[in-house]
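Here my numbering runs 29 ahead of the position in the sequence shown, where the first position is 1.
Even glycine gets a Cβ: it sits at the ideal position worked out from N, Cα and C.
Worksheet: the structure to be examined is printed underneath.
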Amino acid sequence: MTTTVATVSGETGTPYTLSHLDALESEAVHIFREVAGEFERPVILFSGGKDSIVMLHLALKAFAPAAIPFTLLHVDTGHNFPEVLEYRDRTVAEHGLRLHVASVQDYIDRGTLRERPDGTRNPLQTVPLTEKIQAEKFDAVFGGGRRDEEKARAKERVFSLRDEFSQWDPRRQRPELWNLYNGRHAPGEHVRVFPLSNWTELDVWQYIAREGIELPQIYFAHEREVFQRAGMWLTAGEWGGPKDGETVEKRLVRYRTVGDMSCTGAVDSDATTLDAVITEIAASRLTERGATRADDKMSEAAMEDRKREGYF
């Protein structure tokens, strides 16, 4: 898809076009600058996953050569992939950024949260996230959610108002006409902002390839010990499995999305390059979360229920 853009006065008069990636990039840059102008304490959720990596890349572009006027926040479940945490820390150091970390383990140690019987900690992120937002008085929180991922995210606005308890009420969503965003909120409320709302998984990968963005290696095919549960290949380890009757195998896999190790499934793949991954995604008929996230399969409305409580 291309978008024809009228030439400005003084040019040759020849129309030029923006590719669909240029148009998406331009929209995201506009959103970052809009937030910088409207809010006092914005923060970017940065886990070291591909969507947050692209989001940070866009933020750096939006304000270059100046530093970005935002800090970063990661809700650490304690069950993260080591490769992703290494990437996170290296990136923060490379760009001289400030990273806030809200630790699920700290809440478990204090008795505020309890371990789940299934071992996953993804649903436990909500309390550390919302309390960190309140403690730091963040008034805008950038997230990497996209509308193509899941039906609850499909109906959420780019500027998503959260109440004083960080809860989301779909009925309070505001109209977003053209590129006009309403950031007004009452004291104690905040706005979740999704610059990648209109991107697809394929758009993200094509942009990564175009920009030469480095990613953690788990996004590419590698050998890993996994076991099958509910049709997904989960990482063998101390969290969540395998259980009795589940057999560990060494397979060539990669990850389409990255979350808690205990609930994020790998997919069989031999894609070791960006081009191979893009070809694989273009042929896929399952969304990345639908194919690989056990935490989204707890109920038909699992994601929406969590978002109403304050989840990403």
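For secondary structure counted as the beta strand (DSSP E) over 3 or more consecutive residues, the segment 189-232 holds these complete runs in sequence order: 219-222. One alpha carbon belongs to L153, the other to Y45, and they sit about 49 Å apart. Note on A95: under 16 other CB atoms within 10 angstroms of its CB, so exposed under the neighbour-count rule. With contacts defined as CB atoms closer than 8 Å, F75 and L47 fail to qualify as a contacting pair. Put simply, the backbone Cα of S189 is about 16 Å away from that of P216. Along the segment 76-129, the alpha helix (DSSP H) occurs as fully enclosed runs of 4 or more residues at 79-92, 111-124, listed in sequence order. About 6 Å separates the Cβ atoms of L53 and W228, confirming a contact at the 8 Å cut-off. V113 and G78 do touch by the CB rule: their CB atoms are close to 7 Å apart, below 8 Å. Here G174 is buried. Its C-beta has 16 or more other C-beta atoms within 10 Å. CA-CA distance, D297 to V282, rounds to 4 Å. Rounded to whole angstroms, the separation of the alpha carbons of F92 and Y210 is 19 Å. Taking a 10 Å sphere around the C-beta of K279, we find fewer than 16 other C-beta atoms and assign the residue as exposed. D105 places its beta carbon 8 Å or farther from that of V72. Just measuring C-alpha positions, the residue of D273, L231, Y284, R258 sitting nearest A312 is L231.
Counting other Cβ atoms within 10 Å of its Cβ, L263 reaches 16 or more and is therefore classed as buried. For S291, the secondary structure class from DSSP, reduced to helix, strand or coil, is coil.
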